[in-house]
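If you use our numbering, the sequence shown corresponds to residues 551 to 877, in order. The beta-carbon is built from N, C-alpha and C at its ideal position, and this holds for glycine as well. All of these numbers come straight from a predicted model, not from anything done at the bench. Notes to accompany the following structure.
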Amino acid sequence: MVRAMEQFSSDQLYAKVSHSIPAIEWPAFAGDIDAILALKRDRNAVILAHNYQTPEIYHCVADIVGDSLALAREAMQVEADVIVLAGVHFMAETAKLLNPSKTVLIPDRGAGCSLADSITPEDVRLLRQSYPGVPIVTYVNTSAAVKAESDICCTSGNARAVIESLGVERVIMLPDEYLARNIAAETKVKVITWTGHCEVHERFSAEEVRQLRENHPGIVVLAHPECPPEVLAEADFAGSTAAISSYVAKQRPPRVVLLTECSMSDNIAIQYPDLEFIRPCNLCPHMKRITLGNIRHALETMQHQVTIDDGIAVRARLAVERMLEVK
Ligand code: SF4
551 MVRAMEQFSS DQLYAKVSHS IPAIEWPAFA GDIDAILALK RDRNAVILAH
601 NYQTPEIYHC VADIVGDSLA LAREAMQVEA DVIVLAGVHF MAETAKLLNP
651 SKTVLIPDRG AGCSLADSIT PEDVRLLRQS YPGVPIVTYV NTSAAVKAES
701 DICCTSGNAR AVIESLGVER VIMLPDEYLA RNIAAETKVK VITWTGHCEV
751 HERFSAEEVR QLRENHPGIV VLAHPECPPE VLAEADFAGS TAAISSYVAK
801 QRPPRVVLLT ECSMSDNIAI QYPDLEFIRP CNLCPHMKRI TLGNIRHALE
851 TMQHQVTIDD GIAVRARLAV ERMLEVK
């Protein structure tokens with residue numbers, strides 16, 4: 551039996567997600583939301599959610615939302631005892647690296663990433679041997695063990711600044727080939743690439759962008775730099791999810807498409823009811839493993855706790871902290 555509205559204490563949150571959750575389905579979410587809000591108080595926990603999380607997580611239970619750079623910076627400042635990372639595993643590892651005294655929970659241990667899976671610590675050691683003296687810049691979308699073999703980390707939001715901060719002619723940039731090629735096009739530093747790809751962003755094509763322009767005249771195309779270079783060449787703007795959000799906030803394009811994971815449009819569209827968001831939907835299956843149900847379970851059982859071998863953690867933390875020092 552479907553329960554009527556106004557029976558859950560979280561019912562006042564419904565307005566935030568009414569654009570993506572039909573009213574009749576809300577009771578199926580509200581029970582978990584009530585339980586999560588109570589558990590957060592009981593456990594002294596905060597929920598950090600990535601921009602690609604679904605609207606009921608992003609708008610109804612998260613305390614802090616953002617891209618991976620913002621989540622890393624915020625994780626360092628958390629004073630609560632417990633951090634639940636509503637995102638993928640490498641993000642939970644980064645939170646643990648930066649705030650090691652906290653209990654960090656990932657609601658589904660299988661929430662991985664095609665980029666993180668594309669490279670091993672052994673691969674990085676071999677690259678270092680092949681290019682002696684060339685600094686290794688590693689995207690945060692990697693395991694702690696890979697970060698530990700690197701000189702410095704970067705995100706899509708700061709990759710160019712990180713590379714240029716090193717004051718060298720050549721860097722190795724791992725593991726996202728497209729991000730590395732897109733950044734190489736913006737800087738004089740020579741960039742040696744790896745062949746990892748994001749399984750969400752690699753699916754966008756230049757032809758798709760041309761079709762979008764034909765079918766939706768006047769559309770403004772905003773692309774994430776994990777998309778192939780030929781897609782960025784067709785786009786009006788490229789940037790991290792934080793940069794895309796800020797572009798929308800400042801420029802207010804009347805008709806817009808975000809070439810990134812599709813929950814991003816769902817999450818920001820609510821702030822701009824006057825803008826038309828065209829939404830080709832490329833879902834990240836790893837991000838979508840995180841649900842209200844497993845966030846609730848994580849807080850009930852205090853599972854799954856993220857742990858990192860001390861020897862790896864010390865070196866990986868250094869690579870992340872060096873990145874955070876770059877302005
Ligand atoms: S969207 Fe791509 S880069 Fe982000 S977690 Fe999913 S597979 Fe990894």
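When only Cα atoms are considered, Asn844 and His639 end up about 14 Å apart. Contact check for Val674 and Leu598: beta-carbon distance about 27 Å, past the 8 Å limit, so the pair fails to qualify. Cβ contact annotation for Cys610 (same chain, cutoff 7 Å, sequence separation greater than five): Ser560, Leu563, Lys566, Val567 and Ile583, in chain order. Taking C-beta atoms under 8 Å as the contact rule, Gln603 and Ser813 qualify, at a distance of about 6 Å. Scanning its chain for C-beta atoms nearer than 8 Å, with the 5 sequence neighbours on each side dropped, one finds around Gln855 the residues Thr653, Val654 and Leu655, in chain order. Contact check for Asp631 and Ala595: beta-carbon distance about 7 Å, within the 8 Å limit, so the pair qualifies. Under the three-state reduction of DSSP, Val870 is assigned to helix. Relative to the ligand SF4, even the nearest heavy atom lies 7 Å or more away from the CB of Asn601.
Counting C-beta atoms within 10 angstroms of its own C-beta, Met852 has fewer than 16 neighbours from the protein chains shown and is therefore classed as exposed. Between the C-alpha atoms of Ser755 and Leu729 there is a straight-line separation of about 15 Å. In this structure, the C-beta of Val876 stays at least 7 Å away from each heavy atom of the ligand SF4.
Taking the CA atoms as reference points, Lys838 sits about 11 Å from Gly660. Looking from the CA of Leu782, the closest CA among Leu676, Cys831, Ile614 and His751 belongs to His751.
When distances are taken from the beta-carbon of Cys704 to the heavy atoms of the ligand SF4, even the shortest one reaches 7 Å or more.
Take the alpha-carbon of Ile669 and the one of Ile713: they are about 20 Å apart. Apart from the 5 residues on each side of it in sequence, Glu811 sits with its Cβ closer than 6 Å to the Cβ of Tyr602, Val750 and Cys834 in its chain, given in chain order. If you check the CB distance, Val759 and Val771 come in under 8 Å.
In this chain, the alpha helix (DSSP H) harbouring Lys590 covers Trp576 to Arg593.
Separation of the CB atoms of His774 and Ser706 is rounded to 7 Å, and the pair is thereby assigned contact status at 8 Å. DSSP, read as helix, strand or coil, puts Asp726 in strand.
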